[in-house]
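> What follows is a single structure, and I will ask about it in a moment.
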Amino acid sequence: MSSSTVITNIAALVTNDPSLGDHSPLGLVRDAAVVIEGDRVVWTGESSKAPATDNRVDADGRAVLPGFVDSHSHLLFAGDRTEEFNARMSGRPYSAGGIRTTVAATRAASDAELEAGLTRYLAEALRQGTTTFETKSGYGLTTADESRALRVAARHTDEVTFLGAHIVAPELADDPAAYVDLVTGEMLDACAPHARWIDVFCEKGAFDGDQARAILTAGKARGLHPRIHANQLSYGPGVRLAVELDAASADHCTHLTDADVDALANSRTVATLLPGAEFSTRAQWPDARRLIDAGATVALSTDCNPGSSFTSSVPFCIALAVRDMGMTPDEAVWSATAGGAAALRREDVGRLVPGAYADLTLLDAPSHVHLAYRPGVPLVAGVWRRGVRKV
Ligand SMILES: [Zn+2]
Numbered sequence: 024m025s026s027s028t029v030i031t032n033i034a035a036l037v038t039n040d041p042s043l044g045d046h047s048p049l050g051l052v053r054d055a056a057v058v059i060e061g062d063r064v065v066w067t068g069e070s071s072k073a074p075a076t077d078n079r080v081d082a083d084g085r086a087v088l089p090g091f092v093d094s095h096s097h098l099l100f101a102g103d104r105t106e107e108f109n110a111r112m113s114g115r116p117y118s119a120g121g122i123r124t125t126v127a128a129t130r131a132a133s134d135a136e137l138e139a140g141l142t143r144y145l146a147e148a149l150r151q152g153t154t155t156f157e158t159k160s161g162y163g164l165t166t167a168d169e170s171r172a173l174r175v176a177a178r179h180t181d182e183v184t185f186l187g188a189h190i191v192a193p194e195l196a197d198d199p200a201a202y203v204d205l206v207t208g209e210m211l212d213a214c215a216p217h218a219r220w221i222d223v224f225c226e227k228g229a230f231d232g233d234q235a236r237a238i239l240t241a242g243k244a245r246g247l248h249p250r251i252h253a254n255q256l257s258y259g260p261g262v263r264l265a266v267e268l269d270a271a272s273a274d275h276c277t278h279l280t281d282a283d284v285d286a287l288a289n290s291r292t293v294a295t296l297l298p299g300a301e302f303s304t305r306a307q308w309p310d311a312r313r314l315i316d317a318g319a320t321v322a323l324s325t326d327c328n329p330g331s332s333f334t335s336s337v338p339f340c341i342a343l344a345v346r347d348m349g350m351t352p353d354e355a356v357w358s359a360t361a362g363g364a365a366a367l368r369r370e371d372v373g374r375l376v377p378g379a380y381a382d383l384t385l386l387d388a389p390s391h392v393h394l395a396y397r398p399g400v401p402l403v404a405g406v407w408r409r410g411v412r413k414v
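Numbering-wise (the numbering used here), the sequence shown opens with residue 24 and increments by one.
Dropping the structure here:
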């Protein structure tokens, strides 16, 4: 038998089980306890009713919530784009090649360098409360470079996404049809065994709706499940394609028509909002309020990448979503936990209910609301992942 531990004297416990506590979507329980056995939660409820356990941790009147589920990141990269960001934020022109800069540096990096970068950003995210993360390829754009990025990623997470269709590889810039053939042929064959998901950047200058449909359909035929970078920089077909293909998630969703919003609201495709990108490019915020009011499921994620959103901090994204995207603190916390789990079609993370993984974050604050109320403050006081205390 594995030993059991109770975390007790929790002032406010977010369970994301509406049958518990205040019966809100957060299932908020006051004066609560959580019991962990092995890697799972076995009990949640009021402290006074907690069963006997081998070990006891006193939360000392602070808040506990599920570990964040960061469902969108790009952590397999090398190189540095500080100057590009500095120029953009200083109003200076900058002519380097954006994603292409990172592609060149990533191709030149060793496997060990790529893995060292990944583990560094994962450790950074864990310290800020993230216990589940998805990450993508997309800076290799050759069969060999994409498949090695996925092999490295798969050593650290089950949520690995093949994004060969990030941009057309520079050497095939004049022949995008040939690149789509490569992505749906030899590259897909090499990458499918190492990934769960397939993704496309559906946008002007990247891949149009027909190309995106061909790539995602080919991926589905190989057992990968689709997700799409959709409607980030302009209106377009991405969101409706995501719904048509039953993608788990349409990511960005900044430029939406009423038909796009209706399509999301009447599907199980999650709208994943990535405010770090709008922050880092001074772009228009996505309208979370409009999506939630229409009935869509919304996730919040970092989009951590070296070009357009170099943050691994889910708390930062929660604060932006509350300040600038019309979300309440409760909605933002739900979207960064249960919402992220929905965007990965997971039921075993993002909730603190019996049977779920014991992935949880203890805040140095009496309430989850402090994640937005005290922006930029390192509030994470403890992190358990799979029942093991990591922070
Ligand atoms: Zn992205």
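Don't be surprised by glycine CBs; every beta carbon is placed ideally from N, CA and C. In this text the structure is predicted, and so the values were computed from the model without any measurement.
1. So, using beta-carbon positions, are residue 347 and residue 398 closer together than 8 Å?
2. Hey, how far is the Cα of residue 107 from the Cα of residue 144?
3. Any heavy atom of ligand 1 closer than 7 Å to the Cβ of residue 252?
4. Return helix, strand or coil for residue 391, following the three-state DSSP convention.
5. Determine contact between the region 384-397 and the region 318-332, defined as no fewer than three beta-carbon pairs at a distance below 8 Å.
6. Can you find the residues in the same chain that come closer than 6 Å, C-beta to C-beta, to residue 29, ignoring five residues on each side of it along the sequence?
7. Return the bridge partner residues of residue 89 from the DSSP annotation.
8. If you draw a straight line from the alpha carbon of residue 171 to that of residue 134, how long is it in whole angstroms?
9. Is residue 93 close to ligand 1? I mean its beta-carbon at under 7 Å from any heavy atom of the ligand.
10. Evaluate residue 120 with the Cβ neighbour count: other Cβ atoms within 10 Å of its Cβ, from every protein chain shown; 16 or more gives buried, anything less gives exposed.
11. Out of 282, 351, 197 and 253, point me to the one whose CA is closest to residue 271's CA.
12. Can you determine whether any heavy atom of ligand 1 sits closer than 7 Å to the C-beta of residue 328, and answer yes or no?
13. Which class does residue 376 belong to by DSSP, given the choice of helix, strand or coil?
14. Pull up the CB-CB distance for residue 148 and residue 86, whole angstroms please, since I reckon it's below 8 Å.
15. From the DSSP secondary-structure annotation, give me the bridge partner or partners of residue 296.
16. Tell me the rounded alpha-carbon separation between residue 414 and residue 202.
17. Kindly identify the DSSP beta-bridge partner or partners of residue 225.
18. Rounded to the nearest angstrom, how far is the Cβ of residue 206 from that of residue 188, given a contact under 8 Å?
19. Could you give the residue range of the beta strand (DSSP E) that holds residue 370?
20. So the beta strand (DSSP E) residue 58 belongs to, where does it begin and stop?
Based on what the coordinates show:
1. Numbered from its first residue, the sequence shown carries residue 347 at position 324. Numbered from its first residue, the sequence shown carries residue 398 at position 375. Not closer than 8 Å, so no.
2. As a first step, residue 107 must be located in the sequence shown, where it is residue number 84. As a first step, residue 144 must be located in the sequence shown, where it is residue number 121. If you take the alpha carbons of residue 107 and residue 144, they lie about 20 Å apart.
3. Along the sequence shown, read from residue 1 onward, the residue named residue 252 stands at position 229. Yes, the Cβ of residue 252 comes within 7 Å of a heavy atom of ligand 1.
4. Against the sequence shown, residue 391 aligns to sequence position 368. Three-state DSSP puts residue 391 in coil, outside helix and strand.
5. The region 384-397 makes no contact with the region 318-332: fewer than 3 CB pairs, one atom from each, lie closer than 8 Å.
6. Counting from one through the sequence shown, the residue named residue 29 turns up at place 6. Correct list, in chain order: 56, 58, 73, 76 and 79.
7. Reading the sequence shown from its first residue, position 66 is the one you call residue 89. According to DSSP, residue 89 bridges with 383.
8. In the sequence shown, counting from the first residue as 1, residue 171 sits at position 148. In the sequence shown, counting from the first residue as 1, residue 134 sits at position 111. Answer to the nearest angstrom: the Cα atoms are 8 Å apart.
9. Looking up residue 93 in the sequence shown gives position 70. It does not: the Cβ of residue 93 is nowhere closer than 7 Å to a heavy atom of ligand 1.
10. Sequence index remark: in the sequence shown, residue 120 carries index 97 (1-based). Residue 120 should be labelled exposed.
11. Here residue 271 is taken as the residue at index 248 of the sequence shown, counted from 1. It is 253.
12. Start at 1 with the first residue of the sequence shown, and residue 328 comes out as number 305. Indeed, a heavy atom of ligand 1 lies less than 7 Å from the Cβ.
13. Looking up residue 376 in the sequence shown gives position 353. Residue 376 sits in coil when the DSSP states are folded into three classes, being neither helix nor strand.
14. Here the question's residue 148 lines up with position 125 in the sequence shown. Here the question's residue 86 lines up with position 63 in the sequence shown. About 19 Å; that fails the 8 Å criterion.
15. In the sequence shown, counting from the first residue as 1, residue 296 sits at position 273. Residue pairing from DSSP places residue 296 in a beta bridge opposite 323.
16. As a first step, residue 414 is located in the sequence shown; it is residue number 391 there, counting from the start. As a first step, residue 202 is located in the sequence shown; it is residue number 179 there, counting from the start. Separation of residue 414 and residue 202 (C-alpha to C-alpha, rounded to the nearest whole angstrom) is 44 Å.
17. Mapped onto the sequence shown, residue 225 falls at position 202. Checking the DSSP bridge columns, you'll see residue 225 partnered with 230 and 253.
18. The residue you call residue 206 lines up with position 183 of the sequence shown. The residue you call residue 188 lines up with position 165 of the sequence shown. About 5 Å separates the Cβ atoms of residue 206 and residue 188, confirming a contact at the 8 Å cut-off.
19. Here the question's residue 370 lines up with position 347 in the sequence shown. Element bounds for residue 370: n/a, residue is neither H nor E.
20. In the sequence shown, counting from the first residue as 1, residue 58 sits at position 35. Under the DSSP assignment, residue 58 falls in the beta strand (DSSP E) whose first and last residues are 52-60.
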